[in-house]
Amino acid sequence: MIETLGSAPIPELRSGGLGVRDVKRLAKNTGVDEPRLGLLLELAAGAGLIAAGMPDPDPGDGTGPYWAPTVAADRFVESSTAARWHLLAATWLDLPARPALIGSRGPDNKPFAALSDSLYSTAAPLDRRLLLGILAELAPGTGIDGDEASRAWCGDDRAGRAAAAGDRQWPARRAHALGMVGRGAISTPARGLLAGDPDEDVLAAMEKALPKPLDHFLLQADLTVIVPGPLERELAEQLAAVATVESAGAAMVYRISEASIRRALDAGRTASELHTLFEKHSKTPVPQGLTYLIDDVARRHGQLRVGMATSFLRCEDPALLAQAVASPGADRLELRLLAPTVAVSQAPIADVLTVLREAGFAPAAEDSTGTVVDIRPGARASSPRPVAASTGHPPRRPPRLSARSSRCCARWRPGRSPASGWTRPWPSPSCRTPRSTRPLW
1 MIETLGSAPI
11 PELRSGGLGV
21 RDVKRLAKNT
31 GVDEPRLGLL
41 LELAAGAGLI
51 AAGMPDPDPG
61 DGTGPYWAPT
71 VAADRFVESS
81 TAARWHLLAA
91 TWLDLPARPA
101 LIGSRGPDNK
111 PFAALSDSLY
121 STAAPLDRRL
131 LLGILAELAP
141 GTGIDGDEAS
151 RAWCGDDRAG
161 RAAAAGDRQW
171 PARRAHALGM
181 VGRGAISTPA
191 RGLLAGDPDE
201 DVLAAMEKAL
211 PKPLDHFLLQ
221 ADLTVIVPGP
231 LERELAEQLA
241 AVATVESAGA
251 AMVYRISEAS
261 IRRALDAGRT
271 ASELHTLFEK
281 HSKTPVPQGL
291 TYLIDDVARR
301 HGQLRVGMAT
311 SFLRCEDPAL
321 LAQAVASPGA
331 DRLELRLLAP
341 TVAVSQAPIA
351 DVLTVLREAG
361 FAPAAEDSTG
371 TVVDIRPGAR
381 ASSPRPVAAS
391 TGHPPRRPPR
401 LSARSSRCCA
411 RWRPGRSPAS
421 GWTRPWPSPS
431 CRTPRSTRPL
441 W
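Read left to right, the sequence shown gives residues 1 to 441 (full-length UniProt numbering).
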(Lines of atoms letter the chains of each structure in order from A and count residues from 1; the text may use other names and numbers.)
(Lines give C-alpha, C1' and ligand atoms only; values in the text may rest on other atoms or scores of the structure.)
Protein backbone atom coordinates (compact mmCIF):
# COMPACT_ATOMS: atom_id res chain seq x y z
CA MET A 1 0.00 0.00 0.00
CA ILE A 2 2.81 2.41 0.86
CA GLU A 3 4.58 1.62 -2.40
CA THR A 4 1.40 2.17 -4.43
CA LEU A 5 0.63 5.49 -2.74
CA GLY A 6 4.23 6.55 -3.28
CA SER A 7 3.99 6.02 -7.04
CA ALA A 8 0.44 7.37 -7.38
CA PRO A 9 -0.70 9.67 -4.52
CA ILE A 10 -4.48 9.96 -4.09
CA PRO A 11 -6.12 13.41 -3.96
CA GLU A 12 -8.10 14.19 -0.85
CA LEU A 13 -11.81 14.95 -1.08
CA ARG A 14 -12.96 18.47 -0.30
CA SER A 15 -14.90 17.06 2.63
CA GLY A 16 -11.85 15.10 3.75
CA GLY A 17 -10.76 11.52 3.29
CA LEU A 18 -10.57 9.36 0.17
CA GLY A 19 -13.22 8.82 -2.47
CA VAL A 20 -14.95 5.48 -2.94
CA ARG A 21 -13.51 5.02 -6.43
CA ASP A 22 -10.00 5.79 -5.24
CA VAL A 23 -10.28 3.21 -2.46
CA LYS A 24 -11.57 0.58 -4.90
CA ARG A 25 -8.73 1.36 -7.31
CA LEU A 26 -6.18 1.15 -4.50
CA ALA A 27 -7.64 -2.17 -3.36
CA LYS A 28 -7.34 -3.53 -6.89
CA ASN A 29 -3.76 -2.34 -7.33
CA THR A 30 -2.60 -3.71 -3.98
CA GLY A 31 -4.60 -6.94 -4.06
CA VAL A 32 -6.02 -6.20 -0.59
CA ASP A 33 -9.76 -6.43 0.07
CA GLU A 34 -11.49 -3.17 0.94
CA PRO A 35 -12.27 -3.86 4.64
CA ARG A 36 -8.65 -4.79 5.34
CA LEU A 37 -7.41 -1.89 3.22
CA GLY A 38 -9.52 0.52 5.27
CA LEU A 39 -7.87 -0.76 8.44
CA LEU A 40 -4.40 -0.40 6.89
CA LEU A 41 -5.11 3.16 5.75
CA GLU A 42 -6.28 4.24 9.19
CA LEU A 43 -3.32 2.55 10.88
CA ALA A 44 -0.84 4.11 8.45
CA ALA A 45 -2.32 7.56 9.01
CA GLY A 46 -2.40 7.09 12.78
CA ALA A 47 1.24 5.96 12.81
CA GLY A 48 2.34 8.91 10.66
CA LEU A 49 3.30 6.71 7.71
CA ILE A 50 0.97 8.56 5.32
CA ALA A 51 -0.37 12.10 5.46
CA ALA A 52 -2.27 14.65 3.39
CA GLY A 53 -0.13 17.31 1.76
CA MET A 54 1.72 18.19 -1.41
CA PRO A 55 4.08 15.35 -2.40
CA ASP A 56 7.54 15.85 -3.83
CA PRO A 57 7.57 15.99 -6.80
CA ASP A 58 4.36 17.98 -7.13
CA PRO A 59 1.90 16.31 -9.58
CA GLY A 60 1.26 19.80 -10.95
CA ASP A 61 -2.46 19.42 -11.66
CA GLY A 62 -3.49 21.75 -8.84
CA THR A 63 -5.92 19.29 -7.24
CA GLY A 64 -4.05 18.82 -3.94
CA PRO A 65 -3.66 18.01 -1.17
CA TYR A 66 -2.78 14.36 -1.73
CA TRP A 67 -2.47 11.36 0.54
CA ALA A 68 1.08 10.06 0.15
CA PRO A 69 3.77 8.33 2.26
CA THR A 70 5.87 10.38 4.65
CA VAL A 71 9.59 10.11 5.41
CA ALA A 72 8.68 7.88 8.36
CA ALA A 73 7.39 5.29 5.89
CA ASP A 74 10.94 4.73 4.61
CA ARG A 75 12.15 3.91 8.11
CA PHE A 76 9.11 1.71 8.66
CA VAL A 77 9.76 -0.39 5.56
CA GLU A 78 13.42 -0.87 6.51
CA SER A 79 12.68 -1.93 10.10
CA SER A 80 12.25 -5.51 11.29
CA THR A 81 8.94 -7.36 11.15
CA ALA A 82 8.61 -7.27 14.94
CA ALA A 83 9.22 -3.51 15.03
CA ARG A 84 6.63 -2.92 12.31
CA TRP A 85 4.10 -5.02 14.18
CA HIS A 86 4.78 -3.15 17.42
CA LEU A 87 4.13 0.21 15.78
CA LEU A 88 0.88 -0.89 14.11
CA ALA A 89 -0.43 -2.73 17.17
CA ALA A 90 0.27 0.19 19.50
CA THR A 91 -1.34 2.57 17.00
CA TRP A 92 -4.46 0.40 16.75
CA LEU A 93 -4.92 0.25 20.51
CA ASP A 94 -5.16 4.05 20.80
CA LEU A 95 -6.60 4.84 17.33
CA PRO A 96 -9.56 7.24 17.84
CA ALA A 97 -11.44 5.92 14.81
CA ARG A 98 -13.60 2.98 13.74
CA PRO A 99 -12.21 1.67 10.42
CA ALA A 100 -14.93 -0.99 10.20
CA LEU A 101 -17.46 1.74 9.34
CA ILE A 102 -15.70 2.60 6.05
CA GLY A 103 -18.10 2.10 3.14
CA SER A 104 -21.24 1.88 5.27
CA ARG A 105 -23.78 4.71 5.48
CA GLY A 106 -24.37 6.92 8.46
CA PRO A 107 -27.57 8.55 9.77
CA ASP A 108 -27.39 11.12 6.96
CA ASN A 109 -27.31 8.28 4.39
CA LYS A 110 -23.81 9.30 3.32
CA PRO A 111 -21.03 6.69 3.21
CA PHE A 112 -18.21 6.85 5.70
CA ALA A 113 -15.06 7.76 3.77
CA ALA A 114 -11.66 6.34 4.60
CA LEU A 115 -9.37 8.77 6.45
CA SER A 116 -12.27 11.15 7.12
CA ASP A 117 -13.28 12.82 10.37
CA SER A 118 -16.61 10.97 10.28
CA LEU A 119 -14.82 7.87 11.61
CA TYR A 120 -13.61 9.72 14.72
CA SER A 121 -14.56 8.08 18.00
CA THR A 122 -13.04 8.67 21.42
CA ALA A 123 -14.71 5.50 22.68
CA ALA A 124 -13.00 3.22 20.15
CA PRO A 125 -9.69 2.90 22.06
CA LEU A 126 -11.57 2.22 25.29
CA ASP A 127 -13.64 -0.51 23.62
CA ARG A 128 -10.53 -2.25 22.26
CA ARG A 129 -8.70 -2.19 25.56
CA LEU A 130 -11.81 -3.39 27.38
CA LEU A 131 -12.26 -6.36 25.06
CA LEU A 132 -8.58 -7.33 25.14
CA GLY A 133 -8.62 -6.88 28.90
CA ILE A 134 -11.36 -9.51 29.14
CA LEU A 135 -9.20 -11.93 27.13
CA ALA A 136 -6.10 -11.06 29.15
CA GLU A 137 -7.86 -12.11 32.38
CA LEU A 138 -8.01 -15.68 31.08
CA ALA A 139 -5.14 -18.11 31.47
CA PRO A 140 -2.50 -17.93 28.71
CA GLY A 141 -3.60 -19.95 25.70
CA THR A 142 -7.28 -19.95 26.69
CA GLY A 143 -9.52 -18.76 23.88
CA ILE A 144 -13.18 -17.88 23.46
CA ASP A 145 -15.37 -17.18 20.46
CA GLY A 146 -14.81 -13.65 19.20
CA ASP A 147 -18.46 -12.93 18.44
CA GLU A 148 -19.54 -14.19 21.85
CA ALA A 149 -16.91 -12.00 23.50
CA SER A 150 -18.13 -9.00 21.53
CA ARG A 151 -21.76 -9.58 22.48
CA ALA A 152 -20.83 -10.03 26.12
CA TRP A 153 -18.71 -6.90 25.97
CA CYS A 154 -21.20 -4.55 24.28
CA GLY A 155 -24.59 -6.10 25.00
CA ASP A 156 -27.36 -7.03 22.58
CA ASP A 157 -28.66 -3.48 22.07
CA ARG A 158 -25.26 -2.06 21.27
CA ALA A 159 -24.47 -5.01 19.03
CA GLY A 160 -27.63 -4.35 17.05
CA ARG A 161 -26.80 -0.68 16.64
CA ALA A 162 -23.26 -1.49 15.55
CA ALA A 163 -24.47 -4.01 12.99
CA ALA A 164 -27.00 -1.51 11.65
CA ALA A 165 -24.24 1.05 11.27
CA GLY A 166 -22.19 -1.39 9.21
CA ASP A 167 -19.63 -2.31 11.90
CA ARG A 168 -20.07 -6.06 11.46
CA GLN A 169 -16.41 -6.86 12.04
CA TRP A 170 -15.98 -6.79 15.79
CA PRO A 171 -12.81 -5.53 17.46
CA ALA A 172 -11.86 -9.15 18.18
CA ARG A 173 -11.63 -9.83 14.45
CA ARG A 174 -9.58 -6.69 13.92
CA ALA A 175 -7.29 -7.80 16.72
CA HIS A 176 -6.97 -11.18 15.02
CA ALA A 177 -5.96 -9.50 11.75
CA LEU A 178 -3.18 -7.66 13.60
CA GLY A 179 -1.87 -10.70 15.46
CA MET A 180 -3.16 -9.45 18.78
CA VAL A 181 -5.52 -12.43 19.06
CA GLY A 182 -5.21 -15.97 17.71
CA ARG A 183 -7.94 -18.62 17.91
CA GLY A 184 -9.81 -16.51 20.39
CA ALA A 185 -6.87 -16.12 22.80
CA ILE A 186 -4.77 -13.02 23.31
CA SER A 187 -1.20 -13.45 22.08
CA THR A 188 1.80 -13.15 24.37
CA PRO A 189 3.17 -9.99 22.66
CA ALA A 190 -0.27 -8.37 22.79
CA ARG A 191 -0.62 -9.27 26.46
CA GLY A 192 2.65 -7.48 27.19
CA LEU A 193 1.68 -4.49 25.06
CA LEU A 194 -1.67 -4.20 26.83
CA ALA A 195 0.00 -4.44 30.24
CA GLY A 196 2.45 -1.66 29.39
CA ASP A 197 5.59 -3.82 29.39
CA PRO A 198 8.81 -2.22 28.06
CA ASP A 199 9.07 -2.10 24.29
CA GLU A 200 12.15 -4.33 24.34
CA ASP A 201 10.22 -7.11 26.07
CA VAL A 202 7.28 -6.83 23.67
CA LEU A 203 9.59 -6.89 20.64
CA ALA A 204 11.46 -9.91 22.01
CA ALA A 205 8.18 -11.77 22.52
CA MET A 206 7.08 -11.06 18.95
CA GLU A 207 10.46 -12.02 17.48
CA LYS A 208 10.21 -15.31 19.34
CA ALA A 209 6.75 -15.94 17.91
CA LEU A 210 7.67 -15.07 14.32
CA PRO A 211 9.30 -17.64 12.02
CA LYS A 212 12.94 -17.10 11.14
CA PRO A 213 13.53 -15.38 7.77
CA LEU A 214 14.58 -17.73 4.99
CA ASP A 215 17.50 -17.34 2.62
CA HIS A 216 16.20 -19.69 -0.08
CA PHE A 217 13.23 -20.52 -2.29
CA LEU A 218 12.10 -23.36 -4.58
CA LEU A 219 12.21 -22.93 -8.37
CA GLN A 220 9.72 -25.01 -10.36
CA ALA A 221 9.85 -26.18 -13.98
CA ASP A 222 6.80 -24.04 -14.85
CA LEU A 223 8.80 -20.90 -13.89
CA THR A 224 7.03 -20.45 -10.57
CA VAL A 225 8.90 -19.76 -7.34
CA ILE A 226 7.59 -21.17 -4.06
CA VAL A 227 8.62 -19.33 -0.91
CA PRO A 228 7.81 -21.52 2.13
CA GLY A 229 8.11 -18.64 4.61
CA PRO A 230 9.19 -15.04 5.08
CA LEU A 231 12.33 -14.19 3.15
CA GLU A 232 15.23 -12.08 4.28
CA ARG A 233 14.55 -8.48 3.37
CA GLU A 234 17.29 -8.13 0.76
CA LEU A 235 16.40 -11.43 -0.89
CA ALA A 236 12.70 -10.55 -0.89
CA GLU A 237 13.46 -7.30 -2.72
CA GLN A 238 15.61 -9.08 -5.30
CA LEU A 239 12.94 -11.70 -5.97
CA ALA A 240 10.15 -9.12 -6.17
CA ALA A 241 12.16 -7.25 -8.81
CA VAL A 242 12.28 -10.24 -11.18
CA ALA A 243 9.03 -12.08 -10.36
CA THR A 244 5.37 -11.24 -9.78
CA VAL A 245 3.37 -12.40 -6.78
CA GLU A 246 0.80 -14.96 -7.90
CA SER A 247 -0.44 -16.15 -4.52
CA ALA A 248 0.11 -14.40 -1.19
CA GLY A 249 0.03 -15.97 2.22
CA ALA A 250 2.28 -17.76 4.66
CA ALA A 251 3.78 -19.61 1.67
CA MET A 252 3.96 -17.25 -1.30
CA VAL A 253 4.06 -18.19 -4.98
CA TYR A 254 5.83 -15.98 -7.53
CA ARG A 255 5.65 -16.19 -11.32
CA ILE A 256 8.64 -15.45 -13.58
CA SER A 257 7.78 -14.22 -17.07
CA GLU A 258 9.34 -12.32 -19.94
CA ALA A 259 7.70 -9.12 -18.67
CA SER A 260 9.01 -9.58 -15.12
CA ILE A 261 12.55 -10.25 -16.37
CA ARG A 262 12.38 -7.16 -18.56
CA ARG A 263 11.21 -5.18 -15.53
CA ALA A 264 14.29 -6.31 -13.61
CA LEU A 265 16.55 -5.34 -16.51
CA ASP A 266 14.84 -1.94 -16.69
CA ALA A 267 15.67 -1.47 -13.00
CA GLY A 268 19.38 -1.95 -13.72
CA ARG A 269 19.85 -5.66 -13.10
CA THR A 270 22.01 -7.62 -15.53
CA ALA A 271 21.54 -11.11 -16.92
CA SER A 272 24.56 -12.29 -14.94
CA GLU A 273 23.07 -10.99 -11.68
CA LEU A 274 19.77 -12.79 -12.36
CA HIS A 275 21.55 -16.07 -13.07
CA THR A 276 23.53 -15.70 -9.84
CA LEU A 277 20.37 -14.95 -7.84
CA PHE A 278 18.61 -18.15 -8.86
CA GLU A 279 21.69 -20.38 -8.70
CA LYS A 280 22.61 -19.15 -5.22
CA HIS A 281 19.23 -19.14 -3.48
CA SER A 282 17.20 -21.90 -5.16
CA LYS A 283 17.11 -25.21 -3.30
CA THR A 284 15.97 -26.90 -6.51
CA PRO A 285 17.84 -27.01 -9.85
CA VAL A 286 17.40 -23.95 -12.05
CA PRO A 287 15.16 -24.90 -15.02
CA GLN A 288 16.94 -24.73 -18.35
CA GLY A 289 13.99 -22.83 -19.78
CA LEU A 290 14.55 -20.03 -17.27
CA THR A 291 18.21 -19.74 -18.25
CA TYR A 292 17.30 -19.48 -21.93
CA LEU A 293 14.54 -16.96 -21.20
CA ILE A 294 16.84 -14.65 -19.23
CA ASP A 295 19.52 -14.73 -21.95
CA ASP A 296 16.98 -14.12 -24.73
CA VAL A 297 15.31 -11.17 -23.01
CA ALA A 298 18.68 -9.65 -22.06
CA ARG A 299 19.93 -9.95 -25.65
CA ARG A 300 17.01 -7.89 -26.97
CA HIS A 301 16.86 -5.48 -24.05
CA GLY A 302 18.37 -2.02 -24.40
CA GLN A 303 19.16 -2.10 -28.12
CA LEU A 304 17.27 1.19 -28.30
CA ARG A 305 18.37 3.75 -25.72
CA VAL A 306 16.40 6.77 -24.50
CA GLY A 307 18.07 9.57 -22.58
CA MET A 308 17.88 13.26 -21.75
CA ALA A 309 19.96 16.11 -23.13
CA THR A 310 19.58 19.88 -23.12
CA SER A 311 21.79 20.52 -26.14
CA PHE A 312 23.91 18.61 -28.63
CA LEU A 313 27.19 19.16 -30.42
CA ARG A 314 27.87 17.70 -33.86
CA CYS A 315 30.81 17.94 -36.21
CA GLU A 316 31.76 16.23 -39.46
CA ASP A 317 35.36 16.03 -38.24
CA PRO A 318 35.64 13.42 -35.43
CA ALA A 319 39.07 14.74 -34.41
CA LEU A 320 37.76 18.29 -33.96
CA LEU A 321 34.81 17.06 -31.90
CA ALA A 322 37.08 14.97 -29.68
CA GLN A 323 39.28 18.03 -29.18
CA ALA A 324 36.25 20.12 -28.17
CA VAL A 325 35.06 17.50 -25.68
CA ALA A 326 38.53 17.35 -24.10
CA SER A 327 39.02 21.14 -24.06
CA PRO A 328 39.45 23.11 -20.80
CA GLY A 329 36.12 24.04 -19.25
CA ALA A 330 34.22 21.30 -21.09
CA ASP A 331 33.84 19.35 -17.85
CA ARG A 332 31.16 21.70 -16.55
CA LEU A 333 29.21 21.19 -19.78
CA GLU A 334 28.92 17.44 -19.07
CA LEU A 335 29.67 16.60 -22.69
CA ARG A 336 29.26 12.93 -23.61
CA LEU A 337 30.13 11.38 -26.96
CA LEU A 338 27.29 9.36 -28.46
CA ALA A 339 29.12 8.77 -31.75
CA PRO A 340 32.38 9.96 -33.33
CA THR A 341 30.53 12.98 -34.73
CA VAL A 342 27.83 13.64 -32.06
CA ALA A 343 28.01 14.65 -28.39
CA VAL A 344 25.29 15.73 -25.96
CA SER A 345 25.35 18.08 -22.99
CA GLN A 346 23.14 18.89 -20.01
CA ALA A 347 24.04 22.59 -20.28
CA PRO A 348 21.94 25.15 -22.20
CA ILE A 349 22.95 26.06 -25.75
CA ALA A 350 24.14 29.52 -24.74
CA ASP A 351 26.50 28.07 -22.12
CA VAL A 352 27.90 25.53 -24.58
CA LEU A 353 28.58 28.27 -27.13
CA THR A 354 30.25 30.50 -24.54
CA VAL A 355 32.55 27.81 -23.16
CA LEU A 356 33.60 26.55 -26.59
CA ARG A 357 34.29 30.08 -27.84
CA GLU A 358 36.37 30.80 -24.76
CA ALA A 359 38.37 27.66 -25.58
CA GLY A 360 39.16 29.00 -29.06
CA PHE A 361 36.52 27.20 -31.13
CA ALA A 362 34.01 28.82 -33.47
CA PRO A 363 30.73 26.96 -32.94
CA ALA A 364 27.41 28.02 -34.45
CA ALA A 365 23.89 27.42 -33.18
CA GLU A 366 21.36 25.68 -35.41
CA ASP A 367 17.64 24.97 -35.33
CA SER A 368 15.78 21.70 -35.97
CA THR A 369 16.35 22.01 -39.74
CA GLY A 370 20.10 22.58 -39.45
CA THR A 371 19.88 26.28 -40.31
CA VAL A 372 22.27 28.57 -38.45
CA VAL A 373 20.37 30.91 -36.11
CA ASP A 374 21.33 33.85 -33.93
CA ILE A 375 20.43 33.21 -30.29
CA ARG A 376 21.93 36.39 -28.90
CA PRO A 377 19.59 38.32 -26.56
CA GLY A 378 18.15 41.70 -27.44
CA ALA A 379 15.38 40.83 -29.88
CA ARG A 380 12.37 43.17 -29.90
CA ALA A 381 8.79 42.58 -30.91
CA SER A 382 7.95 44.29 -34.21
CA SER A 383 4.18 44.21 -33.69
CA PRO A 384 1.84 44.69 -30.74
CA ARG A 385 0.04 41.51 -31.78
CA PRO A 386 0.77 38.28 -29.82
CA VAL A 387 3.66 36.32 -31.18
CA ALA A 388 2.90 32.74 -32.18
CA ALA A 389 4.66 29.86 -30.46
CA SER A 390 8.16 29.23 -31.75
CA THR A 391 8.56 26.37 -34.20
CA GLY A 392 12.33 26.39 -34.23
CA HIS A 393 12.52 28.20 -37.61
CA PRO A 394 14.09 31.64 -38.07
CA PRO A 395 11.53 34.46 -38.04
CA ARG A 396 10.16 35.51 -41.40
CA ARG A 397 10.44 39.05 -42.72
CA PRO A 398 7.45 41.03 -41.42
CA PRO A 399 4.82 41.95 -44.03
CA ARG A 400 4.18 45.43 -45.35
CA LEU A 401 1.82 47.68 -43.45
CA SER A 402 -1.76 47.35 -44.59
CA ALA A 403 -3.65 50.31 -45.93
CA ARG A 404 -5.76 50.44 -42.78
CA SER A 405 -2.64 50.59 -40.58
CA SER A 406 -1.24 53.36 -42.78
CA ARG A 407 -4.39 55.42 -42.45
CA CYS A 408 -4.29 55.01 -38.65
CA CYS A 409 -0.71 56.24 -38.62
CA ALA A 410 -1.55 59.07 -40.97
CA ARG A 411 -4.04 60.52 -38.47
CA TRP A 412 -1.22 60.98 -35.96
CA ARG A 413 1.01 63.99 -36.60
CA PRO A 414 3.45 65.78 -34.31
CA GLY A 415 1.54 68.23 -32.16
CA ARG A 416 -1.77 66.51 -32.79
CA SER A 417 -3.46 64.44 -30.07
CA PRO A 418 -4.71 60.99 -30.95
CA ALA A 419 -8.31 60.45 -31.89
CA SER A 420 -10.87 59.90 -29.18
CA GLY A 421 -10.63 56.47 -27.63
CA TRP A 422 -7.10 55.89 -28.93
CA THR A 423 -5.35 54.16 -26.06
CA ARG A 424 -2.07 53.01 -27.67
CA PRO A 425 -0.26 55.55 -29.98
CA TRP A 426 2.08 54.39 -32.70
CA PRO A 427 5.60 55.40 -31.67
CA SER A 428 7.43 54.56 -34.90
CA PRO A 429 8.86 57.69 -36.57
CA SER A 430 8.45 56.03 -39.95
CA CYS A 431 4.67 56.33 -39.54
CA ARG A 432 4.77 60.16 -39.65
CA THR A 433 4.70 60.26 -43.45
CA PRO A 434 3.32 56.84 -44.32
CA ARG A 435 2.37 55.43 -47.67
CA SER A 436 0.23 52.37 -48.04
CA THR A 437 2.95 50.77 -50.16
CA ARG A 438 5.90 51.76 -47.95
CA PRO A 439 7.53 48.79 -46.11
CA LEU A 440 8.23 49.05 -42.42
CA TRP A 441 11.91 48.15 -42.97
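We put the beta carbon where it would ideally sit given N, CA and C, even for glycine.
Taking C-beta atoms under 8 Å as the contact rule, P99 and L119 qualify, at a distance of about 7 Å.
T371 and S345 have their C-alpha atoms some 20 Å from each other. Looking at the DSSP output, R129 bridges to nothing.
When beta bridges are read from the DSSP output, M1 appears opposite no residue. Within the region 158–242, the beta strand (DSSP E) runs of at least 3 residues that lie entirely inside it are, in chain order, 224–227. With respect to H275, L235 sits apart: the two C-beta atoms are not nearer than 8 Å. Rounded to whole angstroms, the gap between the alpha carbons of A172 and I134 is 11 Å.
A straight line joining the alpha-carbon of D331 with that of A324 spans about 11 Å. Scanning its chain for C-beta atoms nearer than 6 Å, with the 5 sequence neighbours on each side dropped, one finds around I144 the residues G184, in chain order.
In this structure, A83 lies away from L49, with their beta-carbon atoms at least 8 Å apart. For E34, the enclosing alpha helix (DSSP H) stretches over residues E34 to G46. Counting other Cβ atoms within 10 Å of its Cβ, A89 reaches 16 or more and is therefore classed as buried. Residue pairing from DSSP places A51 in a beta bridge opposite A68.
Taking the C-beta atoms as reference points, E258 is found no nearer than 8 Å to L304. By alpha-carbon distance to T224, the top candidate from R233, P211, L239 and E232 is L239.
In the same chain as T63, and ignoring 5 residues on each side of it, the C-beta atoms closer than 7 Å to its own belong to P11, in chain order. In the three-state reduction of the DSSP assignment, T276 falls in the helix class, which pools H, G and I. Residue pairing by DSSP places F312 opposite V344 in a beta bridge. Within its own chain, the residues whose Cβ lies closer than 8 Å to the Cβ of A365, once the five positions on either side in sequence are excluded, are I349, L353, V372, V373, D374 and I375, listed in chain order.
Taking one beta carbon from each stretch, the region 262–271 and the region 209–223 have fewer than 3 pairs nearer than 8 Å; the two do not touch. Per DSSP, A339 lies in no alpha helix (DSSP H); the unbroken beta strand (DSSP E) holding it starts and ends at R336 to A339. For the pair A343 and L356, the CB atoms are not nearer than the 8 Å cut-off.
Secondary structure note for S79: it is in no alpha helix (DSSP H), with a DSSP letter that is neither H nor E. Looking at the DSSP output, E246 sits in no beta bridge, so it has no partner there. Leaving aside the five residues that flank G229 on each side, the residues in its chain whose CB is nearer than 6 Å to its CB run, in chain order, P211 and L214. If you look at V253, you'll find it isn't in any alpha helix (DSSP H); it sits in the beta strand (DSSP E) that goes M252 to R255. Here the alpha carbon of C315 sits roughly 26 Å from the alpha carbon of G302. Rounded to the nearest whole angstrom, the C-alpha separation of A68 and E78 is 18 Å. When the five nearest sequence neighbours on each side are left out, the beta carbons in the same chain lying within less than 8 Å of the beta carbon of E34 are those of V23, K24, A27, I102 and G103, in order along the chain.
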